[in-house]
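Protein chains: 2
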Amino acid sequence: MTIQVALVGTGLVGSAILGQLALPTLAKHCLLVSLSNSKRTLFSPGGIPLPLPSPDHVQSQGEELLLSQVVDKLKSIKDKAEKTVLIDSTASSTVAESYPDILQAGISILTPNKLALSSSAALFARIQETLAADPSVRLLHEATVGAGLPIISTLNDLVRTGDKVKRIEGVFSGTLSYIFNHFSPPSAPSPPPKFSDIVARAKELGYTEPNPHADLNGSDVARKLTILARLLPETPIPLPEGYQSVPTSSLSPEGLEEVEDGDEYVRRLADSDYEFESLRRQAQDMGQVLRYVGVVDVEKGIVKASLETYPATHPFATSLGGSDNIIAFHTERYNRPLIIQGAGAGAAVTAMGVMSDLLKLV
Amino acid sequence: MTIQVALVGTGLVGSAILGQLALPTLAKHCLLVSLSNSKRTLFSPGGIPLPLPSPDHVQSQGEELLLSQVVDKLKSIKDKAEKTVLIDSTASSTVAESYPDILQAGISILTPNKLALSSSAALFARIQETLAADPSVRLLHEATVGAGLPIISTLNDLVRTGDKVKRIEGVFSGTLSYIFNHFSPPSAPSPPPKFSDIVARAKELGYTEPNPHADLNGSDVARKLTILARLLPETPIPLPEGYQSVPTSSLSPEGLEEVEDGDEYVRRLADSDYEFESLRRQAQDMGQVLRYVGVVDVEKGIVKASLETYPATHPFATSLGGSDNIIAFHTERYNRPLIIQGAGAGAAVTAMGVMSDLLKLV
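These protein sequence lines are chains B and U, in that order. Positions 1 to 362 (the working numbering) are the ones given, in order, by the first sequence. Positions 1001 to 1362 (the working numbering) are the ones given, in order, by the second sequence.
Spelled out as structure tokens, the structure:
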């Protein structure tokens, strides 16, 4: 079977995807026919050879096209292969809002972009209707939660084989995992670290967004919870209307929302160090640690993202390190939880999540 | 797409598979056309309605057929559906040895049966050749390692997306997990339990084979390691010729191999309690626990199943409970390991592993 692949987005993840597409295991089944950055598209039904001759190949050789024009071009060559897929490796809401049109054109979508699946219920419903109308078209998004970790596929397998999911709980943000693994380790740190110092280090290491506010406000976790909750047949009531409607505790201090510069943000975050230290100390005095977790509790009808305390002997305390994600599925069949853990962020592992979806189609 | 399904084996796992096949998510794509126990087969190209009217339906309504005759019948109706699959939920080596013939007949195989993939290199090679000759035919075996846990699919995704697996390490036997989680917990037990008492309890709970020798001799772990090692492109040298060739430390005391009765086996195991207690005590004095683990170390060229010690703070000590499996993949891409944990035995979760493979074909 041959799959025609169009890739939109040539950032870190897009580049890692190109690298994996060039591997023999994938190259023998897949033909890269279109490659777009935010401005230009290189469209070549005969196939774009990999690796690219230069990093600015699309910019220099591509033409200015709207996404809708790219979709039209893909539609025109659809019959040349058994399947045509568009990989959205952007963080663009414009691309996300086009999903119904792309799917309607008979083009499957693979994506690590959380926006389409975690925004308004109206967009989500339109996507579901389009998918239901044409079973040959797929939308696969393993990499939206846990990057390369098999989270979405495992949840789908549990549900489709008739298990009842009672609760999903985990550390879903690689950034917040790094920050709290270092700020609040199982054994009391001496001297106690400053919260803003750890955020600054995470920023230096490239683990945060350019402005760490986007990590500390919890929205990334809330979006992932929305995606998971929507995959459940018995969605916790009320069905989230989008990530904004998931109760989310923001760790970003009041007054700092408007600070645009990331470095200034971290400097001013130091004013709140004493508050974080007081939380850490309280937890430590009770033999506990702080972790920013997300919960989808089907039985209690709760979906929320918040800072919680866990005993220092809990797996969220002992076995996490680096920027690990950990996700525990509590189900009827698994009376002890099914747990998946590992790096939940990074270009190579995110690309792996997308490619594992592509391998399912092969 | 419609898939014609033939199920061979109506034991605990087979029955759980029938239960899951009756779910709407699977029933709308799958038609059960053949059902076999060890003696008889009920063959019905129009479909066998589920649930079965009675537990002895196959025995009372089926006819005596050899497996080769079942395969011939399946071959004769193959064109009526897009795919025809045989699910081998036996522990039979006769069925395992027929895999090349079944695949050659254009019938895909799904199985939790480890025998075909972990026995002689000759059988394994014949299976690989048959699969290579006809890409439309598949052999999927998620449930051979870790039951419903996504172990095989994750390893395949890592390999196919170009990651380099350096080491796979884990607790692969639910039975030995239960035994050592209770015999050698992270905090010193008081009074120290007797090894044979714990094996007796595991036997009562149905966690062991009828004769626990089959668990304690490590062969189940060795077979799983053989399967994993054979999935790697850079197989550790030497490529195991079958599970027997994986270095395996047996925990079954000398002289007890010949004891046929399980209860007598456990009684006589008590004579060795002092040896196990001495191992446990030695580990405990160094702040460690005992775990029976399997390792596939690509870098060192080692594949082995053995009793090892781990610090009491290691995830194999702290986060395991019940009869959990835990498997850690150390790879180039995942500098901290990708870990999957949860129940690794039981009919429902094993059936889920098989059904997740079936869902991949749907």
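Yeah, the Cβ is synthetic: ideal placement off N, Cα and C, and Gly gets one too.
For Phe-85 (chain B), which three-state DSSP category applies?
In the sequence on display, residue 85 (chain B) carries Val and not Phe. When secondary structure is reduced to three states using DSSP, Val-85 (chain B) falls in the strand class.
DSSP puts Leu-21 (chain B) in a beta bridge; with which residues?
Bridge partners of Leu-21 (chain B): none, in fact.
Along the beta strand (DSSP E) that carries Tyr-292 (chain B), what are the first and last residues, could you check?
Looking at the DSSP string, the run of the beta strand (DSSP E) that includes Tyr-292 (chain B) is 288 to 297.
Tell me the residue span of the alpha helix (DSSP H) that contains Gly-262 (chain B).
First-last of the alpha helix (DSSP H) with Gly-262 (chain B): 262 to 269.
Select from the stretch 317 to 337 of chain B all residues with a C-beta closer than 7 Å to any C-beta belonging to chain U, and list them in chain order.
Those would be Thr-318, Ser-319, Gly-321, Gly-322, Asp-324, Arg-333, Tyr-334, Arg-336 and Pro-337, in chain order.
Please return the same chain residues whose Cβ sits closer than 6 Å to the Cβ of Leu-65 (chain B), not counting the five positions on each side in sequence.
So the qualifying residues of the chain are Thr-41.
I want to see whether chain B comes within less than 8 Å of Asp-1163 (chain U), judged by CB atoms only; does it?
At least one chain B Cβ lies under 8 Å of Asp-1163 (chain U).
The beta strand (DSSP E) that contains Ile-1168 (chain U), what's its start and end?
Annotation for Ile-1168 (chain U): the continuous beta strand (DSSP E) segment containing it runs 1165 to 1171.
Going along chain U, which residues have a C-beta under 8 Å from Asp-157 (chain B)?
Residues of chain U passing the Cβ test: Gly-1148, Pro-1150, Met-1352, Met-1355, Ser-1356 and Leu-1359.
So what's Gly-1301 (chain U) in DSSP terms, helix, strand or just coil?
Gly-1301 (chain U) falls in the coil class under three-state DSSP.
Which word fits Leu-256 (chain B), buried or exposed, when buried means at least 16 other C-beta atoms lie within 10 angstroms of its C-beta?
In this structure Leu-256 (chain B) is buried. Its beta-carbon is surrounded by 16 or more other beta-carbon atoms within 10 angstroms.
Which runs of the alpha helix (DSSP H), 4 residues or longer, sit entirely within the stretch 127 to 196 of chain B?
Taking only runs of at least 4 residues, the alpha helix (DSSP H) segments lying wholly in the stretch 127 to 196 of chain B are 152 to 160 and 174 to 183.
How big is the Cα-Cα spacing for Arg-1144 (chain U) and Gly-1346 (chain U)?
As written in the sequence, residue 1144 (chain U) is Thr, which differs from the Arg given in the question. Whole-angstrom Cα-Cα distance: 12 Å.
Own chain, CB closer than 7 Å to Glu-1063 (chain U), minus 5 neighbours either side, in chain order
The beta carbon of Glu-1063 (chain U) sits closer than 7 Å to those of Arg-1040 and Thr-1041, all from its chain and outside the five residues before and after it, given in chain order.
Beta-carbon within less than 7 Å of Thr-1090 (chain U)'s beta-carbon, same chain only, minus the 5 sequence neighbours each way: which residues are those?
These residues qualify, in order along the chain: Val-1008, Gly-1009 and Asn-1113.
Hey, does Gln-1020 (chain U) have any beta-carbon neighbour from chain B nearer than 8 Å?
Yes, contact with chain B.
Measure the Cβ-Cβ separation of Ala-328 (chain B) and Gly-170 (chain B) and say whether it is below 8 Å.
Against a cut-off of 8 Å, the Cβ pair of Gly-170 (chain B) and Ala-328 (chain B) comes out as a contact.
Residues of the stretch 1225 to 1252 of chain U with a CB closer than 7 Å to any CB of chain B: list them in chain order, please.
Taking 7 Å as the Cβ-Cβ cut-off against chain B, none of the residues of the stretch 1225 to 1252 of chain U qualify.
Does the count of Cβ pairs from the stretch 184 to 194 of chain B and the stretch 1013 to 1032 of chain U closer than 8 Å reach three?
No, the stretch 184 to 194 of chain B is not in contact with the stretch 1013 to 1032 of chain U.
Return the Cβ separation of Leu-131 (chain B) and Leu-139 (chain B) in integer angstroms, given the expectation that the two are a contact with Cβ distance under 8 Å.
That belief holds up - the Cβ atoms of Leu-131 (chain B) and Leu-139 (chain B) are roughly 6 Å apart, short of 8 Å.
Mind checking if Thr-1175 (chain U) is an interface residue toward chain B, Cβ cutoff 8 Å exclusive?
With a threshold of 8 Å between beta carbons, Thr-1175 (chain U) makes no contact with chain B.
If you draw a straight line from the C-alpha of Ser-306 (chain B) to the C-alpha of Leu-1032 (chain U), how long is it?
Their Cα atoms are separated by approximately 47 Å.
Can you give, in chain order, each stretch of the alpha helix (DSSP H) that sits fully within the stretch 56 to 115 of chain B and has at least 4 residues?
With a minimum length of 4 residues, the continuous alpha helix (DSSP H) runs that stay inside the stretch 56 to 115 of chain B are 57 to 61, 67 to 77, 93 to 97 and 99 to 104.
Comparing C-alpha positions only, which one of B:Ala-116, B:Leu-117, B:Ser-38 and B:Leu-86 sits nearest to Ile-102 (chain B)?
The residue from B:Ala-116, B:Leu-117, B:Ser-38 and B:Leu-86 with its alpha-carbon nearest to that of Ile-102 (chain B) is B:Leu-86.
C-alpha gap between Leu-1110 (chain U) and Pro-1100 (chain U), whole angstroms:
Roughly 13 Å separates the two Cα atoms.
What number of angstroms, rounded off, separates the C-alpha of Gln-244 (chain B) from the C-alpha of Phe-124 (chain B)?
Their backbone Cα atoms lie some 14 Å apart in a straight line.
Establish whether the CB of Arg-1160 (chain U) and some CB of chain B are separated by less than 8 Å.
Interface residue, yes.
In the structure shown, what three-state DSSP assignment does Leu-1338 (chain U) receive?
Three-state DSSP puts Leu-1338 (chain U) in a strand.
Who are the neighbours of Val-1349 (chain U) on chain B, taking C-beta pairs under 8 Å?
Those are Arg-333 and Tyr-334, listed as they occur along chain B.
Is any non-hydrogen atom of the ligand NAD found closer than 7 Å to the C-beta of Val-1058 (chain U), if you look at the structure I gave you?
With respect to small molecules bound, the structure shown includes none, and the ligand NAD cannot be examined in it.
Test: Ala-343 (chain B) CB closer than 8 Å to a CB of chain U:
Under the 8 Å criterion on CB atoms, Ala-343 (chain B) is classed as interfacial with respect to chain U.
Cα-Cα, which of B:Gly-321, B:Thr-331 and B:Leu-279 is closest to Glu-299 (chain B)?
It is B:Thr-331 whose Cα lies nearest to the Cα of Glu-299 (chain B).
Rounded to a whole number of angstroms, what is the C-alpha to C-alpha distance between Leu-1021 (chain U) and Gly-146 (chain B)?
Each residue's CA atom was taken as its position, placing Leu-1021 (chain U) and Gly-146 (chain B) some 29 Å apart.
Against Ser-1153 (chain U), what residues of chain B qualify as contacts under a CB-to-CB distance less than 7 Å, listed in chain order?
Pro-150, listed in chain order.
Does Pro-315 (chain B) have its Cβ less than 8 Å from a Cβ in chain U?
Contact of Pro-315 (chain B) with chain U is assigned, a C-beta pair being separated by under 8 Å.
Local Cβ density within 10 Å of Pro-1055 (chain U), reported as buried at 16 or more and exposed below that
Exposed.
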